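Notes follow once the structure below has been shown.
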Amino acid sequence: MGYQLDVIMTKSSTEFITPLTIQSLSHRRVHLDVMAEPDAALINHIALAKEADLFLVAPASANTIGKLANGIADDLLSTVALALLPETPKFIAPAMNTYMYQNPIVQKNLTTLKEVGYQEIEPREALLACGDYGRGALANVSEIVHLIHTALKE
């Protein structure tokens with residue numbers, strides 16, 4: 001498809017998979033730290049936001065959803081999200097325990113994000129990492145790719 005992918009990892013995400021693994025798969029630098037400025041002529045989070053043709057948070061934890069919905073900018077991902085151009089398509093793909101996903105606070109935060117232009121890629125029902133079965137597993141990658149491809153063609 002010819003897309004260029006910039007990956008921003010939160011501190012928590014690095015507990016699940018290493019930045020080196022993502023870098024090896026994407027063949028691109030992985031962005032981790034809001035204070036890291038690899039190019040002295042650019043403010044990294046502003047440059048990443050301006051360069052983005054599309055913004056996807058996948059998987060999106062309850063914590064990240066809450067931060068984005070409430071304008072909390074305390075890491076690279078959340079600062080890039082706040083600096084996105086208004087016309088940038090924004091997607092969020094939640095992945096968490098069923099009860100967390102169903103929690104009224106998480107649902108309120110998702111509603112807030114939808115009101116400001118995010119599209120939710122809803123989680124699917126499956127056996128979850130915690131052993132529960134229910135809605136909370138990350139949407140199928142093929143569905144995510146299809147939605148992104150469609151959005152970029154528009």
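Numbered according to full-length UniProt numbering, the sequence shown spans residues 1 to 154.
No residue lacks a Cβ here, since even glycine has one placed at the ideal position from N, Cα and C.
Since we're looking at a predicted model, the values are computed, not measured.
Taking the Cβ atom as the reference point for each residue, do residue i and residue j lie within a distance shorter than 8 Å?
i: I46; j: A95; result: no
i: L128; j: A139; result: no
i: L76; j: V30; result: no
i: V57; j: I92; result: yes
i: L5; j: S26; result: yes
Tell me which residues share the same chain as residue i and place their Cβ nearer than 8 Å to its Cβ, disregarding the 5 neighbours each side in the sequence.
i: T88; result: A49, A52, D53, L54, F55
i: G71; result: L82
Between residue i and the rest of its own chain, which residues show a CB-CB distance below 6 Å, the 5 nearest in sequence each way excluded?
i: K90; result: F55, G117, Y118
i: K67; result: S78
Since residue i contacts residue j with CB under 8 Å, what's their CB separation in whole angstroms?
i: A73; j: T79; result: 4 Å
i: T112; j: A62; result: T112 to A62, Cβ: 13 Å. No contact.
i: L147; j: I121; result: 6 Å
Given residue i, which residues of its chain have a CB within under 7 Å of its CB, disregarding the five upstream and five downstream residues?
i: Q23; result: R29, V30
i: Y101; result: P94, P123, R135, G136
Determine which residues share a DSSP beta bridge with residue i and list them.
i: Q4; result: According to DSSP, which records beta bridges pairwise, Q4 is partnered with nothing at all.
### Query
Quick one: complete alpha helix (DSSP H) runs, 4+ long, within the UniProt domain "Flavoprotein" (2-149)?
19-26, 44-51, 62-69, 76-83, 98-102, 104-115
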